[in-house]
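Novice: Have a look at this one.
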């Protein structure tokens with residue numbers, strides 16, 4: 236029988252910060268860029284008790300608790316801790332699938348002979364994370380990825396929850412439909428409208444009804460409700476995508492302003508790709524309007540690249556028609572984001588870079604990277620780009636799941 240662990244760090248960004256600010260333990264505090272347009276990246280459990288949640292606008296969080304302490308995020312520090320956590324995981328099994336900087340799946344089926352049963356492995360992982368890093372983790376243990384992830388949620392904070400294979404359905408059936416992987420707000424509303432409020436309702440529903448409500452995705456979701464999840468743990472040491480975004484203190488109201496901001500973001504994504512020795516073929520752009528509605532567009536490049544100008548060109552072409560159509564009707568752009576995926580090693584991508592202008596651009600990128608590495612990100616920039624104004628936020632992150640609440 237397969238044995239899967241889902242390990243999820245507790246309030247990860249904030250917990251790392253508290254290692255250096257122990258006097259804040261037990262208080263209401265959070266991690267966020269300190270500005271009127273910022274959102275909460277991670278919150279203490281004391282802050283959560285006052286109604287503060289990840290991804291909540293900072294202004295609303297301060298309304299919920301005017302005395303909450305706001306700590307500036309340090310993403311490079313979080314990545315360093317994440318690397319050490321992943322090393323601990325891989326000391327037990329090579330089958331580690333990171334989902335973000337603070338969570339991963341581990342298949343420990345083959346590790347039992349050396350390290351003992353899965354519960355013993357989970358306890359030892361939690362002990363080492365606590366002893367070596369001073370952090371706490373919640374762990375779910377089950378026979379499938381989905382059930383292990385739900386179990387880790389049930390164990391928070393700083394807990395361990397084991398679901399034996401023969402008790403999978405007993406564990407799942409009472410839970411609300413929102414606990415199902417892939418059921419977001421709209422899917423949840425659709426299921427509730429048909430009287431399907433629990434996982435038991437979904438598991439027992441006619442297959443035809445699930446198709447009518449959720450399309451072909453309904454078949455997959457019903458399988459999860461029945462405890463069926465054959466997906467393997469897919470080990471990877473590389474991130475599946477890299478992204479950067481920028482939230483603006485003042486909404487952008489012109490296409491030129493947006494184009495300038497996109498170039499800045501493209502530089503940050505390209506720089507990180509080059510630093511990690513990666514190239515990507517997929518480019519996506521997200522535009523968040525002032526009313527908090529999002530539009531996303533994506534395309535595939537002819538070949539993988541990490542050249543800033545090519546990333547920017549693709550992002551600009553994706554965003555231009557959306558901005559042209561939307562700006563007259565919307566009050567402005569609140570956030571812009573660029574994501575590059577379909578990642579390969581830069582060496583693999585380089586064989587496609589046959590044009591001289593791309594080689595020249597790549598060389599210029601390398602020179603700018605070197606200056607930034609020595610003197611900081613703001614030391615050199617492209618004409619027309621200014622650093623973020625006070626209160627604006629930038630974020631650069633990797634992984635397959637980049638929402639603001641990833642530091643939970």
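In this note's numbering, the protein residues as written are 236 to 643. Glycine included, every Cβ here is placed at the ideal spot set by N, Cα and C. Please read all numbers here as calculations on a predicted model, not as lab measurements.
Verify whether the separation of the beta carbon atoms of residue 457 and residue 435 is less than 9 Å.
Specialist: No, these two residues do not count as a Cβ contact at 9 Å.
Novice: Assuming the contact rule is C-beta atoms closer than 8 Å, residue 320 and residue 244 should be a hit. Round their C-beta distance to whole Å, please.
Specialist: Residue 320 to residue 244, Cβ: 7 Å. Contact.
Novice: Which class does residue 591 belong to by DSSP, given the choice of helix, strand or coil?
Specialist: Residue confidence is low: residue 591 scores 37 on pLDDT, short of 50, so the model does not pin down where it sits. Its coordinate-derived value is still stated next. Residue 591 falls in the helix class under three-state DSSP.
Novice: Give me whichever residues DSSP pairs with residue 530 in a beta bridge.
Specialist: 522, per the DSSP bridge assignment.
Novice: Between the segment 532-540 and the segment 503-518, are three or more C-beta pairs nearer than 8 Å?
Specialist: The segment 532-540 is in contact with the segment 503-518.
Novice: Taking 9 Å as the cut-off, decide whether the C-beta atoms of residue 568 and residue 503 are in contact.
Specialist: In this structure, residue 503 does not lie closer than 9 Å to residue 568 by Cβ.
Novice: Put residue 342 into one of helix, strand or coil per three-state DSSP.
Specialist: Strand at residue 342.
Novice: Can you tell which of 440, 342 and 409 has its C-alpha closest to the C-alpha of residue 378?
Specialist: Ranking the options by Cα distance to residue 378, first place goes to 342.
Novice: Could you say which of 315, 256, 338 and 329 lies nearest to residue 307 if we only look at CA atoms?
Specialist: Minimum Cα distance to residue 307 is reached at 256.
Novice: For the alpha helix (DSSP H) that residue 548 lies in, which residues bound it at each end?
Specialist: Here the alpha helix (DSSP H) through residue 548 covers 543-561.
Novice: Would you identify the three-state DSSP class for residue 609, choosing helix, strand or coil?
Specialist: With a pLDDT of 48 at residue 609, under the threshold of 50, the predicted position of this residue should be treated as unreliable, though the coordinate-derived value follows. Residue 609: helix per DSSP, three-state reduction.
Novice: So is residue 511 in contact with chain B if we call contact Cβ pairs under 9 Å?
Specialist: Of the chains in the structure shown, none is chain B; there is only one protein chain.
Novice: Three-state secondary structure (DSSP) at residue 567?
Specialist: Reduced to three states, the DSSP call for residue 567 is coil.
Novice: Are residue 374 and residue 407 touching if we call contact CB-CB under 9 Å?
Specialist: Taking 9 Å as the Cβ cut-off, residue 374 and residue 407 do not qualify as a contacting pair.
Novice: Taking the CB atoms as reference points, tell me whether residue 426 and residue 437 lie closer together than 9 Å.
Specialist: Going by C-beta atoms, residue 426 is nearer than 9 Å to residue 437.
Novice: Counting pairs of Cβ atoms below 8 Å between the segment 329-337 and the segment 286-304, do you hit three or more?
Specialist: Taking 8 Å as the limit for Cβ pairs, the verdict is that the segment 286-304 does not touch the segment 329-337.
Novice: Name the two residues that bound the continuous alpha helix (DSSP H) containing residue 250.
Specialist: Start and end: 247-255.
Novice: To test your reading of the DSSP string, which unbroken beta strand (DSSP E) runs of 3 or more residues are found completely within the segment 303-360?
Specialist: Counting whole runs of 3 or more residues, the segment 303-360 contains the beta strand (DSSP E) stretches 304-306, 331-335 and 338-342.
Novice: Taking buried to mean at least 16 other C-beta atoms within 10 Å of its own C-beta, is residue 226 buried or exposed?
Specialist: Within the shown structure, residues of the chain are numbered from 236 to 643, placing residue 226 beyond reach of any answer.
Novice: Could you work out which residue in 485, 339 and 538 is closest to residue 318 when comparing CA atoms only?
Specialist: Checked all of 485, 339 and 538; the closest Cα to residue 318 is 339.
Novice: Using the Cα positions of residue 549 and residue 494, report the straight-line distance between them to the nearest angstrom.
Specialist: One C-alpha to the other measures close to 12 Å.
Novice: For residue 517, does the three-state DSSP call read helix, strand or coil?
Specialist: Of the three classes helix, strand and coil, the one that applies to residue 517 here is strand, per DSSP.
Novice: According to the neighbour-count rule (16 or more other Cβ atoms, all chains shown, within 10 Å of its Cβ), is residue 553 buried or exposed?
Specialist: Buried, by the Cβ-count rule.
Novice: Among 448, 420, 273 and 411, which one has its Cα closest to the Cα of residue 432?
Specialist: For residue 432, the nearest C-alpha among the options comes from 411.
Novice: Leaving out the 5 sequence neighbours to the left and right, which residues in its chain are closer than 8 Å to residue 392 when beta-carbon positions are compared?
Specialist: Hits under 8 Å: 245, 246, 280, 371 and 373.
Novice: Nearest to residue 404 by CA position, among 421, 439, 387 and 253, is which residue?
Specialist: Residue 439 is the option with its Cα nearest to residue 404.
Novice: Measure the beta-carbon distance from residue 487 to residue 479 and round it to whole angstroms, keeping in mind my assumption that it falls under 8 Å.
Specialist: Between residue 479 and residue 487 the Cβ distance is about 16 Å, and since that is not below 8 Å, they are no contact.
Novice: Under 9 Å between the Cβ atoms of residue 477 and residue 376?
Specialist: No, Cβ-Cβ distance for residue 477 and residue 376 is not below 9 Å.
Novice: Applying the 10 Å Cβ sphere with the 16-neighbour rule, what's the burial state of residue 324?
Specialist: By the neighbour-count rule (16 or more Cβ atoms within 10 Å), residue 324 is buried.
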